[in-house]
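Note sheet for the following structure.
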Amino acid sequence: MSKQIKQLGDDVWKTKVEKVNSELFTLTYGSIVAQLCRDFNNNYEEVNAQTYKMGYNIGVRLIDEFLQKTQLSRCSSFRDTAEIVSKVGFKMFLNIVPNITNWTSDMTTFSLILTENPLADFVELPDDGKAVKELWYSNILCGVLRGALEMVQLDCEVGFISDVLRGDETTELRVRLVQVLKDEIPAGEE
Amino acid sequence: MSKIASGYDPAVGPRTTGTTTVIRPRSSIYDRNLHRARHDISVSSLSFLFMEMVSMNLNQAKSLIELERKLNNLGYSIGTKVLELASLRENFNNNLTSSGKSNVSKREIKVLDILHFITSVIWPSLFEKPADNLEKSSESNCQYMIIDNAPVLMKYISVPKEYEGLNCEAFVAGIVEGILDSTFFKCEVSAHTVPVEGHLGRTVYLINFDEELIARETQ
Numbered sequence: 001m002s003k004q005i006k007q008l009g010d011d012v013w014k015t016k017v018e019k020v021n022s023e024l025f026t027l028t029y030g031s032i033v034a035q036l037c038r039d040f041n042n043n044y045e046e047v048n049a050q051t052y053k054m055g056y057n058i059g060v061r062l063i064d065e066f067l068q069k070t071q072l073s074r075c076s077s078f079r080d081t082a083e084i085v086s087k088v089g090f091k092m093f094l095n096i097v098p099n100i101t102n103w104t105s106d107m108t109t110f111s112l113i114l115t116e117n118p119l120a121d122f123v124e125l126p127d128d129g130k131a132v133k134e135l136w137y138s139n140i141l142c143g144v145l146r147g148a149l150e151m152v153q154l155d156c157e158v159g160f161i162s163d164v165l166r167g168d169e170t171t172e173l174r175v176r177l178v179q180v181l182k183d184e185i186p187a188g189e190e
Numbered sequence: 001m002s003k004i005a006s007g008y009d010p011a012v013g014p015r016t017t018g019t020t021t022v023i024r025p026r027s028s029i030y031d032r033n034l035h036r037a038r039h040d041i042s043v044s045s046l047s048f049l050f051m052e053m054v055s056m057n058l059n060q061a062k063s064l065i066e067l068e069r070k071l072n073n074l075g076y077s078i079g080t081k082v083l084e085l086a087s088l089r090e091n092f093n094n095n096l097t098s099s100g101k102s103n104v105s106k107r108e109i110k111v112l113d114i115l116h117f118i119t120s121v122i123w124p125s126l127f128e129k130p131a132d133n134l135e136k137s138s139e140s141n142c143q144y145m146i147i148d149n150a151p152v153l154m155k156y157i158s159v160p161k162e163y164e165g166l167n168c169e170a171f172v173a174g175i176v177e178g179i180l181d182s183t184f185f186k187c188e189v190s191a192h193t194v195p196v197e198g199h200l201g202r203t204v205y206l207i208n209f210d211e212e213l214i215a216r217e218t219q
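Read top to bottom, the protein sequences are chains A and B. Take the first sequence: its position 167, counting from 1, is numbered 167 in UniProt numbering, and each next residue is one higher. Take the second sequence: its position 166, counting from 1, is numbered 166 in UniProt numbering, and each next residue is one higher.
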């Protein structure tokens, strides 16, 4: 199964995705975060919240493109979800494949280890001593995952627990399944 | 009390001062090679990010002019960095290929030369294609125009009627302005949508140079 998923991700990336050099992407995100840091007066909690929100807005729309290009149907387990997020989702949008690891025994929580991160290339956190403790530079990714998974009825908590930008060994993103949402009829369409 | 000797004592050899804190060696980004392996991503990701950036600033701005100014500012900070990066890379490449000719690491000081640098070096490094045209205004000596028939960032953006006149490429205009300003070509750059048949998103980046600068040029 895992192999098929990887194949699918590679195929979608090769044949269905229009590509562009990541440099402008990196620079653009950098200037957004820099602006937020200025706007919020280096209140990094606020910056984290704002990038998360931006990500969420992206996630709820990005899922459409994802489903259209992959033609995937419902995952049979959360384990499959993890595989698909990493090998298809990350692959087709950012051309990276994070490693999945650190499953909890109840199989509701896993980690994605980002060995590469196009958002954070050539990035240095502000050296005010505070940013390395409080700022999650790539928090937008958490928002994207949260938004996209919610659209497929998976209510998840997503957050970073370490980041190489802070001097940590790895960049690790934790995803916890809170509940599987029930299909609901959209308001006003009863 | 024993006398504490200062300096290096050859009889004792090297020793620690006792209060040394261990500093974890951290490789900084400055140690890394600027010539990184090319990494491609999906155009959608870039567009999604750009759209979020526009909408975030739209919510904060009181008018469209303010929005364009904000986008321009965001681009500006990128422009200054891109210039440095592109120049370093460009000179490096030239030095590799030009077998030691001395004219390679030059700095552009003529208006036309720097504009040419922007359209043929900066543009491809950011957008994977050169700009489509570079024109001089027939009305004013100070005005030049860079033209892109299909700006990458505009690909998935359609401007609604109530925002008529808004061009999100103000961001790219900001990049151009940042580059020109840091090379001491004082100017203002604005982006305008000027559609032609077949190229609905065609954008003209109007560069208004300072008059003094044009005077300098003709000296």
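Ideal placement from N, C-alpha and C gives every residue a C-beta, glycine not left out. These figures come from a predicted structure and were not determined experimentally.
Q: Please determine if the segment 160-167 of chain A and the segment 122-140 of chain A are in contact, where contact requires at least 3 C-beta pairs separated by less than 8 Å.
A: The segment 160-167 of chain A makes contact with the segment 122-140 of chain A, as at least three CB pairs between them are under 8 Å.
Practice task
With a cut-off of 8 Å on the beta carbons, I'd call residue 84(A) and residue 5(A) a contact; round off their distance for me.
Solution key: About 6 Å; that satisfies the 8 Å criterion.
Going by beta-carbon coordinates alone, are residue 27(A) and residue 111(A) separated by less than 9 Å? No, they are not a contact pair.
| query | Hey, quick one: how far does the beta strand (DSSP E) through residue 80(A) stretch, first residue to last? | reply | Counted as a single uninterrupted DSSP element, the stretch harbouring residue 80(A) is not any beta strand (DSSP E) but the alpha helix (DSSP H) occupying residues 78-84.
Would you mind working out which of 32(B), 79(B), 8(B), 45(B) sits nearest residue 123(B), comparing C-alpha positions? For residue 123(B), the nearest C-alpha among the options comes from 79(B).
Determine the burial state of residue 30(B): buried for a count of at least 16 other Cβ atoms within 10 Å of its Cβ, exposed for fewer. Counting Cβ neighbours within 10 Å, residue 30(B) comes out exposed, since fewer than 16 surround it.
Exercise. Could you confirm whether any beta carbon from chain A is found closer than 9 Å to the beta carbon of residue 207(B)?
Key: No, no contact with chain A.
**OP:** Would you mind reading off the limits of the beta strand (DSSP E) that contains residue 126(B)?
**Re:** Unbroken run through residue 126(B) is the alpha helix (DSSP H), 123-127; no beta strand (DSSP E).
Residue 54(B): beta carbon under 8 Å from a heavy atom of the ligand GTP? Looking for the ligand GTP in the displayed structure turns up nothing, as the structure carries no ligands at all.
- Query: In whole angstroms, what separates the C-alpha of residue 207(B) from that of residue 132(B)?
  - Reply: Approximately 16 Å between the Cα atoms of the pair.
Does the pairing of the segment 56-67 of chain B with the segment 152-171 of chain B give three or more beta-carbon distances under 8 Å? By the Cβ rule, the segment 56-67 of chain B counts as touching the segment 152-171 of chain B, because three or more pairs are nearer than 8 Å.
Inset, instruction - List the DSSP bridge partners of residue 21(A). - result: As a beta-bridge residue in DSSP terms, residue 21(A) pairs with 40(B).
Name the one or two DSSP bridge partners that residue 191(B) has.
Per DSSP, 205(B).
Am I right that residue 115(B) and residue 24(A) are in contact with their C-beta atoms under 8 Å? What's the rounded C-beta distance? The pair is not a contact, with the Cβ atoms about 20 Å apart (cut-off 8 Å).
| said: For residue 179(B), would you say it is in contact with chain A, using Cβ-to-Cβ distances shorter than 9 Å as the test? | reply: False, the Cβ-Cβ gap to chain A never drops below 9 Å.
Can you tell me which of the three DSSP states residue 40(A) falls into?
DSSP, read as helix, strand or coil, puts residue 40(A) in coil.
message: At a CB distance below 7 Å, what residues from the segment 51-80 of chain B approach chain A? Give them in sequence order.
response: So the list reads 52, 53, 56, 74, 77, 78, given in the order they occur along the chain.
> Which chain B residues sit within Cβ distance under 7 Å of residue 35(A)?
Replying inline: By Cβ distance, chain B contributes 74.
Q) To which residues of the same chain is residue 149(A) closer than 6 Å at the C-beta, ignoring the five residues directly before and after it? A) Counting only residues of its own chain and dropping the five nearest sequence neighbours on each side, residue 149(A) has a CB closer than 6 Å to the CB of 156.
Decide if residue 8(B) is buried, meaning its Cβ has at least 16 other Cβ atoms within 10 Å, or exposed. Burial call: exposed.
So, does the segment 11-23 of chain A touch the segment 36-53 of chain B, judging by three or more C-beta pairs under 8 Å?
Yes, since at least three Cβ pairs between the segment 11-23 of chain A and the segment 36-53 of chain B fall closer than 8 Å, the two stretches touch.
task = Determine the direct distance from the alpha carbon of residue 46(A) to that of residue 13(A), and round the result to whole angstroms.
result = Distance between the alpha carbons of residue 13(A) and residue 46(A) is about 34 Å.
So with Cβ pairs under 9 Å, would you call residue 43(B) a contact of chain D?
-> This model lacks chain D altogether; the protein chains it does include are A and B.
* To do: Please list the residues of the segment 107-133 of chain B that have a C-beta atom closer than 8 Å to any C-beta atom in chain A, keeping them in chain order.
  => Going along the segment 107-133 of chain B in chain order, one finds 125, 126, 127, 128 with a Cβ nearer than 8 Å to chain A.
- Query: So which residues of chain A does residue 83(B) contact, with C-beta pairs closer than 9 Å?
  - Reply: Near residue 83(B) there are no residues of chain A at all, since even the closest Cβ is about 12 Å away, more than 9 Å.
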